[in-house]
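J.: One structure coming up, written as structure tokens, with questions to follow.
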Amino acid sequence: MFWFLSKCIQKFGVAGGLSVYVQIKILRQPVIKLPGYRQPIHYRPGTADLTTFREIFLREEYNLDLPASIKPKTIIDVGANIGFTSLFFSRHHPDATIYSLEPEPGNFKLLQKNVEGYSNITAMQAALWNENGTIGIEDHGYGLRGFMVEKPSGKSQTMQALTLQSLIEQHNITSIDILKIDIEGSEKEVFSGDTGWLRITKCLVIELHDRMKPGCSEAVFGALSRHHFSKRVKGENLVFINQEIISSPGLQ
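Numbered according to the numbering used here, the sequence shown spans residues 1158 to 1409.
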């Protein structure tokens, strides 16, 4: 509890931090006012949403310390959950257009509420996959942050599946400044398919889930090995910077 309070004060100031602490820890409000954000933020008290809140707003795991040459204009948030990362990106990169993908209906409903009023954020109910079509959503007991998408079975709830290339073509995207991927194991399929989009991706930030689906790391590192990306660790994520782009002014 002391850590949470001290972090709130560190990030939002004394008055703002105390307000956030009271709203979350004492009143347990499902809608909170967060200093620096233009509208209230919706979440589910007593769930993994609070862990996500800590990671995004207090630990700032998506404060990426980008090279000066990367000035984000296009951000794709894959596995957007209830929108905390998209909101964080919007605040820190207000000139960026953000595409937020989330397949799970309950998460997507809150995502829509949280990004409502942000004209630069487009919420899409879809799962990233290695082919377009329909995909099944499965709950294997990992909680609200751990829904997995798989080939549809007779019992699974189905949802639209998109390839990253189709998203790029639909929205006429010519460069991806930040590509954030947190998709509970589906990175194995995504990076085993067509990864031509890596050529236009300046920064990839991804959480790997070999514990949920073996082979994720092998697929991701295999695809990245065909390009010149540097790597560093940021919290639970790996951050890759495309050195081919940032070292060639004509490609930026």
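Backbone N, C-alpha and C define an ideal beta-carbon position, used for all residues, glycine too.
Excluding the 5 residues flanking Gln-1282 on each side, which residues of the same chain have their C-beta closer than 6 Å to its C-beta?
T.: Phe-1265
J.: State buried or exposed for Thr-1358, treating a residue as buried only when at least 16 other CB atoms are found within 10 Å of its CB.
T.: buried
J.: Taking buried to mean at least 16 other C-beta atoms within 10 Å of its own C-beta, is Val-1188 buried or exposed?
T.: exposed
J.: Quick one: which unbroken beta strand (DSSP E) runs of 3-plus residues sit fully inside the region 1243–1301? Chain order, please.
T.: 1254–1258, 1278–1281, 1290–1295
J.: Where Lys-1190 and Leu-1268 are concerned, what is the direct C-alpha to C-alpha distance, given to the nearest angstrom?
T.: The straight-line gap from Cα to Cα measures roughly 16 Å.
J.: Would you check if the region 1365–1381 and the region 1342–1353 touch, i.e. whether three or more CB-CB distances between them fall below 8 Å?
T.: yes
J.: Does the separation of the CB atoms of Ile-1294 and Gln-1314 fall below 8 Å?
T.: yes
J.: Identify which residue in Asp-1367, Glu-1341, Thr-1331 has its Cα closest to the Cα of Gly-1353.
T.: Of the listed residues, the one whose Cα sits closest to Gly-1353 is Thr-1331.
J.: On a Cα-Cα basis, can you pick out the residue from Tyr-1275, Phe-1246, Leu-1184 that is closest to Ile-1213?
T.: Phe-1246
J.: Taking Ser-1243 as the reference, which of Ser-1382, Arg-1185, Lys-1337, Leu-1207 has the closest Cα?
T.: Lys-1337
J.: Candidates Lys-1230, Glu-1393, Gln-1180: which alpha carbon is nearest Tyr-1219's?
T.: Closest by C-alpha distance to Tyr-1219, out of Lys-1230, Glu-1393, Gln-1180, is Glu-1393.
J.: Is Thr-1352 helix, strand or coil when you go by DSSP?
T.: coil
J.: Identify, in the order they occur along the chain, each residue of the same chain with its Cβ nearer than 6 Å to the Cβ of Ala-1280, setting aside the five sequence neighbours on each side.
T.: Ser-1257, Leu-1268, Gln-1269, Val-1272
J.: Could you compute how far the alpha carbon of Asn-1399 sits from the alpha carbon of Pro-1192?
T.: Take the alpha-carbon of Asn-1399 and the one of Pro-1192: they are about 33 Å apart.
J.: Under three-state DSSP, which class holds Asp-1206?
T.: helix
J.: Looking at the structure shown, is Lys-1168 part of a helix, part of a strand, or coil, going by DSSP?
T.: Look at Lys-1168 here: in three-state DSSP terms it is helix.
J.: Taking the C-alpha atoms as reference points, what is the distance between Ile-1363 and Phe-1159?
T.: Cα to Cα, the separation comes out at about 30 Å.
J.: Is Ile-1183 buried or exposed, if buried means 16 or more other CB atoms sit within 10 Å of its CB?
T.: With fewer than 16 other Cβ atoms within 10 Å, it is exposed.
J.: For Pro-1224 versus Ile-1335, is the C-beta distance shorter than 8 Å?
T.: no
J.: Do Gln-1343 and Leu-1285 have their CB atoms nearer than 8 Å?
T.: The sequence shown places Ser at residue 1343, rather than the Gln named in the question. Yes, they are a contact pair.
J.: So for Ala-1318, helix, strand or coil by DSSP?
T.: Strand at Ala-1318.
J.: Under a Cβ-count criterion, where at least 16 other Cβ atoms within 10 Å of its own Cβ denotes burial, should Ala-1172 be classed as buried or exposed?
T.: exposed
J.: Comparing C-alpha positions only, which one of Leu-1355, Met-1369, Ile-1292 sits nearest to Phe-1386?
T.: Selection Leu-1355, Met-1369, Ile-1292 evaluated against Phe-1386 yields Leu-1355 as nearest (Cα-Cα).
J.: Hey, quick one: how far does the beta strand (DSSP E) through Phe-1378 stretch, first residue to last?
T.: Counting along the chain, Phe-1378 falls outside any beta strand (DSSP E), though it belongs to the alpha helix (DSSP H) covering 1373–1381.
J.: Quick one: what does DSSP say Ile-1363 is sitting in, helix, strand or coil?
T.: strand
J.: With a Cβ-Cβ cutoff of 8 Å, do Ile-1233 and Ile-1403 count as a contact?
T.: no
J.: Looking at the secondary structure, which residues open and close the beta strand (DSSP E) in which Ile-1398 lies?
T.: Counting along the chain, Ile-1398 sits inside the beta strand (DSSP E) bounded by residues 1394–1399.
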